[in-house]
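Below is one structure; the comments refer to it alone.
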Amino acid sequence: MLEAYFLTGIVIPGTLIVDAGGILVQRGLLDFLDLVWFVAVGSILGSEMSYWTGRLAKDRLPGRRRIENSAAFARATRLFARHGGVALVIGRFLGPVAGLVPLAAALAGMERRRFLIWNIIGSVPYAFVHVAIGYALGGALGQIGGSVTRVAVLIGAILLLLAVLWGLLYSLLRLLPLAGMVLAAALRGIAEIPLMAKALKRHPETVHRVVARFDRSTFTGLPLTFLSLLIIYIGVVWIDTAMDFALDASMAALDMRLAELIHQFWSPAPIRIASWITIPGGVRVVAPLVAATLIWLVLAGQRPLATGLTVSVMGNTLTVSLLKHAFGRSRSPLGYFVETSGSFPSGHAAVSVAAYGMLTYVLWRTRVLRAESALLLAGLVAFAIGVSRIYLIEHYLSDVLNGWLVGALWLTIGIAVAEWLSSRSFAYRPVRGRTRIAGQMAMIAIAGFATVGLWRHEPARNAPAHIADVTVSGPLALSGPDLPVMTESLIGTPVDAISLVVFTRDERTLSNDMEASGWTPAPPPSPGRILDAISAAIIGNEDPTVQMVTHFWRGMPGDLTFSAPSGGTATLSVRHPHARFWRTEYVTPDGFRAWVGAVGLDDDADRAPDQEISADQGLNDSLVQALIGQGATARGRISLPLEGSSGPASMAADITVLVIGH
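Just so we're aligned: 636 in my numbering is position 636 of the sequence shown, and the numbers increase by one with no gaps anywhere.
In structure tokens form, the structure reads like this:
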């Protein structure tokens, strides 16, 4: 629907989304006919919206020649003039033009009933064809999957994503003026409705002020209105996120669980890449880069841009510093590098938007970059730096999100200042003579100083966190609040109860006995395993040992995960029985360490609660008997109350205690 409507079709790749849906149909996750009728109805509704917008805008569009000079609109008009109603069928397959053909039909005076008939006729084959294309693509991916490595999948996905993003930005910037013009004409048509016109005449001053706010010929009109609304919107969203962080304890818990999960996926190569990506967000790079850019802008006579850049960077720096002191959030102990400043918000994330966003804006205003290239570059830089901070656990997720918002706020303010100064009639001349030469030498010196300092910079690294062992008198001595009964999901909802405690001297012994009992160990988590899981899901070659669902105990993901055959072929790895174990700090005097385990099925949302408990308990009992068969000794059971329960024993978790080894 959104692509069929011309205003949203210029930015939303509806056809690609439908093709992706076809892949999901091939994978058995969606029904073919359900998706077809859903797409067809959406296409009909979107085209109806384009048609009625054109009806409202008809004969009210200023500069019709300018509109007809639009390549996309001219293409849609020629298509409609040549084929009539059939153009509505053909236009469905022309991407962003799909929303412009109904608009052209309305402006050409196509009769309402005739349009509706052709609209329905055109939407049905569009839905069938593109869902079928996605289905065929899914099958092709399955055929070639065995010859495609995960590196190739990653590179191909990145290149495809960049191409799609650039194309969307290109279409947006080309068609947005046309869309705005048509929408304005439609609004004028609404204003001319007798009842609405009568109401507007009662408030002439208010109407004049509103119209002035949308005047595109002056900065104080539409540009200032848009920038002001953007500043207000970003500010409101920032306040909302800050309040969530300050008042909602679940947000902090989510941050910590995610940090623990990411820590499990650390590996040398991604660490090196993230370490290099995060460097441009530091003061050692940003300060000289901004200083050199300011000198260049002053020498070139671009003082409005220099002022806007200064406002954006300095305002962002001051705001981040004040917020860090105000919230006083400590850094995660899992961070890769030693950091002493506050964690909330992320200064790197903020500067990636405020500084680098403003720098790309400067490159666009000085015609070094095209607008779509500048937008894509700014987004990629901000995203890469922010993600690197999360992966290195230098910041929590909420730190980075809030930092992006702070940076976006000051970026918008900086652009507003630059545009306001540029709109004034005063002209700034470029600097010439000896002053220009001195400025150029200063730029070279700053660049050299920054390069040397960056090359010699080796930030200190955090030592691995260590938890001291706690000695317990025996295997049945585990109890109390330090032994939570329930595991949790990433967002904190209860998942499974701890059903097994195994005491063993080392991890290898537990793993060997689990394998001997028929359970398959999941490979150690790594970024490569994530790519493998995604690739397997696409090509239809799932690995039941891939941890697609992560459980947390005391805020930490499992240290060992095993899967067991489910007795049949499952379409997703989460449909297999899993056993997850967490290493604890509890050790007996003779050196046996406690591992707590949760055994159960991760799926089957259709099961009733009593069926779920029965199935999980049966699976746990089966595992216990298998381990005993491998030589484990049953020491008894401990019963701990479930969180929030204070009633009968039936509300307690019954935990089996085993000892492996001698």
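Even for Gly, the Cβ is constructed at its ideal location relative to N, Cα and C.
{"Check": "At which residues does the alpha helix (DSSP H) containing Phe383 begin and terminate?", "Outcome": "371-391"}
{"Check": "What residue does the alpha helix (DSSP H) around Trp404 start on, and which one ends it?", "Outcome": "397-423"}
{"Check": "In terms of DSSP beta bridges, what is Trp553 paired with?", "Outcome": "Met556"}
{"Check": "Closer than 8 Å is the cut-off here; do at least three beta carbon pairs connect the segment 343-359 with the segment 318-335?", "Outcome": "yes"}
{"Check": "DSSP on Val574, reduced to helix/strand/coil?", "Outcome": "Legend: pLDDT at Val574 = 41, less than 50; position of this residue unreliable, no value from coordinates given."}
{"Check": "Between the Cα of Ser499 and those of Ala598, Leu405, Arg114, Thr471, spot the shortest distance and give me the residue it belongs to.", "Outcome": "Ala598"}
{"Check": "Considering only residues of the same chain and omitting the five flanking positions on each side of Val86, which have a CB-CB separation below 8 Å?", "Outcome": "Trp118"}
{"Check": "Leaving aside the five residues before and after Ile277 along the sequence, list all residues of the same chain whose C-beta is less than 7 Å from its C-beta, in chain order.", "Outcome": "Ala384, Ile385, Ser388"}
{"Check": "Count the other CB atoms, across all protein chains shown, that sit within 10 Å of the CB of His130; report buried if there are 16 or more and exposed otherwise.", "Outcome": "buried"}
{"Check": "Check Phe562 in the structure and name its three-state DSSP category.", "Outcome": "strand"}
{"Check": "Using alpha carbons as the reference points, say which of Ile295, Ala445, His551, Phe245 lies closest to Val495.", "Outcome": "His551"}
{"Check": "Which first and last residues belong to the beta strand (DSSP E) in which Trp595 is found?", "Outcome": "593-601"}
{"Check": "On the DSSP bridge assignment, give the partners of Ala259 in chain order.", "Outcome": "Looking at the DSSP assignment, Ala259 forms no beta bridge with any residue, so it has no partner."}
{"Check": "Check Gly636 in the structure and name its three-state DSSP category.", "Outcome": "strand"}
{"Check": "Out of Ile273, Leu200, Arg456, Ser398, which one is the CA nearest neighbour of Asp248?", "Outcome": "Ser398"}
{"Check": "Would you please state the rounded distance, in angstroms, between the beta carbons of Ser341 and Gly281? I believe it to be under 8 Å.", "Outcome": "Not confirmed; about 13 Å, so no contact."}
{"Check": "Counting only the same chain and skipping the five closest in sequence on each side, list residues whose C-beta sits under 7 Å from that of Ile30.", "Outcome": "Residue identity check: residue 30 is Leu in the sequence provided, not Ile. Contacts found: Gly21, Leu24."}
{"Check": "Taking 7 Å as the limit between beta carbons, can you name the residues of its chain near Glu515, skipping five residues before and five after?", "Outcome": "Pro521"}
{"Check": "Taking only the alpha-carbon atoms, compute the straight-line gap between Leu658 and Val596 and give it to the nearest angstrom.", "Outcome": "10 Å"}
{"Check": "Please confirm whether Ala442 and Ile295 have their CB atoms less than 8 Å apart.", "Outcome": "yes"}
{"Check": "Quick check on the burial criterion: 16 or more other C-beta atoms within 10 angstroms. Buried or exposed for Met358?", "Outcome": "buried"}
{"Check": "By a C-beta neighbour count over all protein chains shown, 10 Å radius and 16 as the cutoff for buried, is Val485 buried or exposed?", "Outcome": "buried"}
{"Check": "Give me the Cα-Cα distance between Leu560 and Ala354, rounded to the nearest whole angstrom.", "Outcome": "42 Å"}
{"Check": "List, from N- to C-terminal side, the alpha helix (DSSP H) runs of 4 residues or more that fit wholly inside the segment 267-309.", "Outcome": "268-278, 283-299"}
{"Check": "Around the Cβ of Tyr233, are there at least 16 other Cβ atoms within 10 angstroms (buried) or fewer (exposed)?", "Outcome": "exposed"}
{"Check": "Pro430 and Gly555 - do their beta-carbons sit closer together than 8 Å?", "Outcome": "no"}
{"Check": "What is the DSSP secondary structure of Ala522, counted as helix, strand or coil?", "Outcome": "coil"}
{"Check": "Hey, Pro557 and Gln264: beta-carbon distance below 8 Å or not?", "Outcome": "yes"}
{"Check": "Tell me the residue span of the alpha helix (DSSP H) that contains Met196.", "Outcome": "194-201"}
{"Check": "For Trp364 and Leu421, what's the separation of their Cα atoms in angstroms?", "Outcome": "17 Å"}
{"Check": "Distance, Cα to Cα, Arg436 vs Ala292?", "Outcome": "13 Å"}
{"Check": "Would Asn512 and Gly407 be called neighbours here (beta carbons separated by less than 8 Å)?", "Outcome": "no"}
{"Check": "Below 6 Å CB to CB, which residues in the same chain sit around Val338 once its five sequence neighbours on both sides are set aside?", "Outcome": "Ala460, Asn462"}
{"Check": "Would you say Ser250 and Leu392 are within 8 Å of each other, going by their C-beta atoms?", "Outcome": "no"}
{"Check": "Indicate the three-state DSSP secondary structure (helix, strand or coil) for Ala463 in the structure shown.", "Outcome": "coil"}
{"Check": "Where Val211 and Pro270 are concerned, what is the direct C-alpha to C-alpha distance, given to the nearest angstrom?", "Outcome": "53 Å"}
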